[in-house]
Amino acid sequence: MLSAAAASAIPRLRCATRPRLRRPSARTYWPRPFSSSSSHVTPAPAAGAGAGELEPPDLTRLANAARISLSPQEAEEFEPKIRQLTDWFGQLQVVDLESIEPSLRAGTTADSSLREDKPETFDNRDAIVEAIPSYDDPYIKVPRVLNKE
Amino acid sequence: MPSILTFPFPAPHQSSVIPKTRAYQRRPENLPAGRRHAAASPGPPPPHLPPSPPHSRSAPVHRRVSLQSAPATTLAPGPATSSILSIRESLLSGERTAADITSEYLSRLRRTEPSLRSFIHVADAAAEREAVELDRRIASGEKDAVGPLSGVLVGVKDNLCTANMPSTGGSRILDGYRPAYDATAVRRLREAGAIVVGKTNLDEFGMGSTTEGSAFQVTTNPWDDSCVPGGSSGGSASAVSARQCVVSLGSDTGGSVRQPASFCGVVGLKPTYGRVSRFGLMAYASSLDVVGCFGSSVFDTATILSVVAGHDKRDSTSSSQVVPDYASELVSLDLLESKPLTGVRIGIIQETLGEGVANGVISSIKGAASHLEQLGSVVEEVSLPSFSLGLPAYYILASSEASSNLSRYDGIRYGRQVSADDLNDLYGESRANGLGHEVKMRILMGTYALSAGYYDAYYKRAQQVRTLVNESFKDALERYDILISPAAPSAAYKIGEKINDPLAMYAGDIMTVNVNLAGLPALVVPCGFVEGGPAGLPVGLQMIGSQFSEAQRVENPLNNFCHFIQGNLLRVGHIFEQTLQNLSFVPPLLAES
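These protein sequence lines are chains A and B, in that order. Counted from 1, the first sequence has number 53 at position 53 by our numbering; the numbering is strictly sequential. Counted from 1, the second sequence has number 221 at position 221 by our numbering; the numbering is strictly sequential.
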């Protein structure tokens, strides 16, 4: 885990008055997870998360959502690191951000204009096609889509 | 014998009417309200605003740098010199051939590569062919044979697409992938005559600070081969530091050009967001990514910026601000007056000199600050109130955007595919097999931060912190022309030291991420050393300016007025570098030639 030197290097935030947070009831709103037969991982326990109000990350759900198959060993390895990071992110919860507008981006591209909506032919289509792993002209081949629900 | 020719800098372009000997000052009526008091300082009367120099156009074109001819001299300890100019002079005068210059760099590259491992792919045969072709065109008296970057070898970070070379992004999932096009920045370099010598190593998809995250190899620091070169553009930094190539391109999302520049003792530039097109840069975090560059001098870095910068219709976030000839504003040392930074106000960011920063780094930065004062500027400490919030906000935003951007690596249209019986498993297995550990972590983190019910708690709050960071920079940059800080809390550390402790590695980005949140430009110039390695480990000074302050003038496209920037980044960085005494940033491994 964190060494003392690293812990001291991480900025400590001033705590503003704790705003009342709406507690998201994550389990009710999330879609049903795909059943993954090969990599079943027990979800992380809900208690003891550093941020307090928020549920800790459920690695199975996240891996499914991100379409990354995690082996049980990998999940075990990732779990504490991810928990450590989300605890660290949780420090933003206690900062008073009332009435501050969120910024989508840096304010430096105010002058960017859109180009004309006119299609152009790309001149190197062959190279694109050559990069496709599984191609059967003119189709990109993929395996069937199984609906597991 | 050191193999880099030196060359004195040219006088500014003849048609420029910017007076060489006066302090640059803004006309008081053109200053924003908060700065008018600064213009009242005594000094020569402000220069009459010149008309646009002929070379300022919104579309990048070949620009000839007009030179005064002077004999090339061999390198003596002294300030950094322009390799680009010396190559150009050698080619124009016929003193050297492109083949000869290329072969010199390639033999140095081959000699040092087994230890450094800067390059994932070296295109030596192609480079030699291009050099021979250039020589043929010069010999046949072809008009315009020598472009602005002819004969200049460049390294390109492997997350920038190059049409005729593999582009892996440092990842197994793109192992063997050859893009169908060049990134705009690469295309512009090639059009100016540059020779792309190879693709440099990086942390996978730009995620990391050491190159240990590369799927292929770990690059070492030219100053100490047991130390990291920094990251994620570690290969680009080490290649320039070891003079394996003249200049290189990198990318900077949270410090990935500036921190390796500091660790390797080279100049690194992170341009204003939107200054350089991101078309062809493999996206990590689209609101934070920029294409940046490395050189062994500020002059060379400025030259590259002029070539790659400019609006690109293929990048809707690219800016239409005119691209000046950045290097032409950088005058020769003997033409500078004794206090060339008179009137420039510099703020040292207080939060970057405290707890957690190595003593050697603090003293190097303080030394740089007093050097800047001796040059005539006023240097004061300034506090940026939201500084420490930037780091978690950055990681939330970057991971979230990465989780979206990296969803394209699905094994279907390019890259490695792991076959499976159904589509979801194909995605899952291909990504599990092809993506590295750090990348997976950040994708999972980002997926978490963006999930239903968590958006308000994480992503939205990070965006709000971003507003705070923008405002506090804007505020400080109204009172100061430039803000300075270290580029990293330490010099280069040992390979393997931070690999198991993600938060310790992230903590090292504290100096750099806020600049990406605000989209501002920043230049890192080597300024000192700390103990370590055979000859010390370099430390870089980070200089941050307001948007588009790489240049001396910023044009307002809405009303055609332009205003001068008193302390523009490249000019201040160049003057600092040229007046730095008794320090040479050529790593010891080059002394053996």
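Virtual Cβ for every residue (Gly too), placed ideally from N, Cα, C.
When you compare only the Cα positions, how much space is there between residue i and residue j?
i              : j              : result
residue 643(B) : residue 284(B) : Since the first residue shown for chain B is 1 and the last is 593, residue 643(B) is missing from the structure and cannot be characterised.
residue 419(B) : residue 433(B) : 11 angstroms
residue 552(B) : residue 342(B) : 15 angstroms
residue 55(A)  : residue 110(B) : 53 angstroms
residue 400(B) : residue 393(B) : 11 angstroms
residue 66(A)  : residue 79(A)  : 15 angstroms
residue 576(B) : residue 192(B) : 28 angstroms
residue 86(A)  : residue 104(A) : 22 angstroms
residue 301(B) : residue 137(B) : 27 angstroms
residue 135(B) : residue 424(B) : 54 angstroms
residue 324(B) : residue 309(B) : 9 angstroms
residue 597(B) : residue 120(A) : In the structure as shown, chain B starts at 1 and stops at 593, and residue 597(B) therefore has no counterpart that could be examined.
residue 363(B) : residue 203(B) : 30 angstroms
residue 120(B) : residue 186(B) : 17 angstroms
residue 47(A)  : residue 57(A)  : Here residue 47(A) scores only 35 on pLDDT, less than 50, and its place in the model should not be relied on; the value that follows carries that caveat. Straight-line Cα distance between these residues: approximately 12 angstroms.
residue 487(B) : residue 511(B) : 6 angstroms
residue 376(B) : residue 539(B) : 23 angstroms
residue 206(B) : residue 100(A) : 30 angstroms
residue 522(B) : residue 482(B) : 9 angstroms
residue 383(B) : residue 371(B) : 21 angstroms
residue 595(B) : residue 581(B) : Because chain B spans 1 through 593 in this model, residue 595(B) falls outside it and cannot be assessed.
residue 527(B) : residue 495(B) : 23 angstroms
residue 194(B) : residue 97(B)  : 15 angstroms
residue 474(B) : residue 140(A) : 50 angstroms
residue 502(B) : residue 148(B) : 43 angstroms
Grouping DSSP H, G and I as helix and E and B as strand, with all else coil, what is residue i?
i              : result
residue 434(B) : helix
residue 118(B) : coil
residue 83(A)  : helix
residue 126(A) : helix
residue 139(A) : strand
residue 303(B) : helix
residue 173(B) : helix
residue 277(B) : coil
residue 199(B) : strand
residue 100(B) : helix
residue 65(B)  : Annotation note: pLDDT 34 at residue 65(B) (below 50); position unreliable, no value reported.
residue 118(A) : coil
residue 494(B) : strand
residue 440(B) : helix
residue 590(B) : helix
What is the residue span of the alpha helix (DSSP H) that residue i lies within?
i              : result
residue 138(B) : 124-139
residue 392(B) : 390-405
residue 60(A)  : 59-65
residue 260(B) : 258-264
residue 561(B) : Per DSSP, residue 561(B) belongs to no alpha helix (DSSP H) and is neither H nor E.
residue 474(B) : 461-479
residue 595(B) : Outside the displayed span of chain B (1 to 593) sits residue 595(B), for which this structure offers no information.
residue 542(B) : Premise fails: residue 542(B) lies in the beta strand (DSSP E), 537-544, not in any alpha helix (DSSP H).
residue 576(B) : 569-578
residue 237(B) : 234-241
residue 185(B) : 184-191
residue 92(B)  : 83-93
Quick one: measure Cβ to Cβ for residue i and residue j, integer angstroms, because I've assumed they're closer than 8 angstroms.
i              : j              : result
residue 490(B) : residue 358(B) : 4 angstroms
residue 517(B) : residue 549(B) : Not quite, the Cβ-Cβ distance comes to about 17 angstroms (not below 8 angstroms), so this is no contact.
residue 272(B) : residue 520(B) : 7 angstroms
residue 279(B) : residue 184(B) : 4 angstroms
residue 213(B) : residue 438(B) : 5 angstroms
residue 106(B) : residue 154(B) : No, residue 106(B) and residue 154(B) are not in contact; Cβ-Cβ is about 13 angstroms, not under 8 angstroms.
residue 367(B) : residue 531(B) : Actually they are not in contact, since the Cβ atoms of residue 367(B) and residue 531(B) sit about 15 angstroms apart, beyond 8 angstroms.
residue 244(B) : residue 112(B) : 6 angstroms
residue 91(B)  : residue 170(B) : In fact, because the Cβ distance is near 34 angstroms, the residues do not count as touching under 8 angstroms.
For the beta strand (DSSP E) containing residue i, list its first residue and its last residue.
i              : result
residue 595(B) : Residue 595(B) lies beyond the range of chain B shown here (1 to 593); nothing can be said about it.
residue 294(B) : 290-295
residue 485(B) : 482-486
residue 248(B) : 247-252
residue 513(B) : Unbroken run through residue 513(B) is the alpha helix (DSSP H), 513-518; no beta strand (DSSP E).
residue 267(B) : 267-270
residue 523(B) : 522-530
residue 155(B) : 153-157
Quick check: does the Cβ of residue i come within less than 7 angstroms of any heavy atom belonging to the ligand PLP?
i              : result
residue 307(B) : No copy of the ligand PLP appears in this structure; indeed no ligand is present at all.
In chain order, each beta strand (DSSP E) run of at least 3 residues that lies wholly inside the segment 307-382 of chain B: 345-349 and 378-382
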